[in-house]
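A.B. asks: Got a structure for you, written out below as structure tokens; questions coming shortly.
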Amino acid sequence: MPLTIAIDGPVGAGKSTISDEVAQRLGILHLDTGAMYRAVGLCVMRRGMDLQDEAAVSALCEAGGAQVDVRYENGAQRTLLNGEDVTSFIRAQEVGQAASAVSRYAAVRKMLVRRQQEMAKSQSMLLDGRDIGTVVLPHATVKIYLTASAQARAQRRMLQLREKGDETPFEDILREVNARDDQDMHREVDPLRQAEDAVLVDSSNITFEETVEAILSIVEAKK
Ligand code: DC
């Protein structure tokens, strides 16, 4: 039986980097599902379409105009949009916002969830996102809900931005974190929530290494 690990949580909780490390130590692949929503968001932006136009975005997905694929290079995920490697374009702040907007639409979710389930069917994998434990892998071997206070998440985001020379004030970053939480947790289709059988890990006051260790010991206990 393949080992499946679901890690869900809000923006800025460190899911991607922590998931990368945990998967590497377990010797399994990590699928960052947010990257797939980002690829759809990028597609909609590039076409100059209105992110609020659910009918148009749904029609695009249903017509196969926003095909998202993933491949691995030395264990690292590359995300493809209609065959083009868009890995380096999807991290921008506005693409994250576009991803959050299009992720509200059932047609987008249906297309991506199906792809994610296919990938995790035949191999051991760690998936991180918002709906992995609740929708994508309801029977995952291990489910983690990784969170941190909005203050702690905004603080980490600020440090990342400062390293890049970005001086956006803390209050603006905190407002953006709260707005994204609100959109991800209150959308109609498959909102972010902790699965009943998920173990809560709060990383507000622990280090990266301590968070990785906490998750690895939960995995060990469940295996
Ligand atoms: O984790 P991230 O910031 O890369 O995700 C971008 C957006 O995609 C996020 O705001 C909500 C959406 N998303 C989702 O709805 N379901 C997932 N499994 C992953 C991401």
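For the record, in the sequence shown the residue sitting at position 168 is 167 according to numbering that gives the first Met the number 0, with numbers rising by one throughout. Note that beta-carbon positions come from the ideal geometry of N, C-alpha and C, so glycine has one too.
1. Rounded to a whole number of angstroms, what is the C-alpha to C-alpha distance between residue 105 and residue 57?
2. Distance, Cα to Cα, residue 136 vs residue 211?
3. In its own chain, which residues sit with a C-beta less than 7 Å from the C-beta of residue 147, not counting the 5 before and 5 after it?
4. Between which two residues does the beta strand (DSSP E) containing residue 223 stretch?
5. For residue 100, which option in 144, 44, 151, 118 has the closest C-alpha, if you only look at C-alpha atoms?
6. Can residue 4 and residue 125 be called in contact, C-beta distance under 8 Å?
7. Counting only runs of 3+ residues fully inside the segment 139-198, write out the beta strand (DSSP E) ranges in chain order.
8. Are the Cβ atoms of residue 94 and residue 41 separated by less than 8 Å?
9. Cβ of residue 144 within 7 Å of any heavy atom in the ligand DC?
10. Which same chain residues, not among the five before or five after residue 184, have their C-beta less than 8 Å away from its C-beta?
C.D. replies: Answer, in terms of the structure:
1. Cα-Cα distance, rounded: 8 Å.
2. The alpha-carbon atoms of residue 136 and residue 211 are separated by roughly 21 Å.
3. Once the five neighbours on either side are set aside, the close Cβ partners of residue 147 are 12, 201, 202, 203.
4. Summary: the structure shown does not reach residue 223, with the chain confined to residues 0 through 222, and so no result is reported for it.
5. Taking the Cα of residue 100 as reference, the smallest distance to any Cα among 144, 44, 151, 118 is reached at 44.
6. Contact: yes.
7. Listed in chain order, the complete beta strand (DSSP E) runs (minimum 3 residues) inside the segment 139-198 are 141-146.
8. Their beta carbons are under 8 Å apart, which means residue 94 touches residue 41 by this criterion.
9. Relative to the non-hydrogen atoms of the ligand DC, the Cβ of residue 144 never comes closer than 7 Å to any of them.
10. For residue 184, the CB contacts under 8 Å within the same chain, skipping 5 residues up- and downstream, are 9, 190, 191, 192 in chain order.
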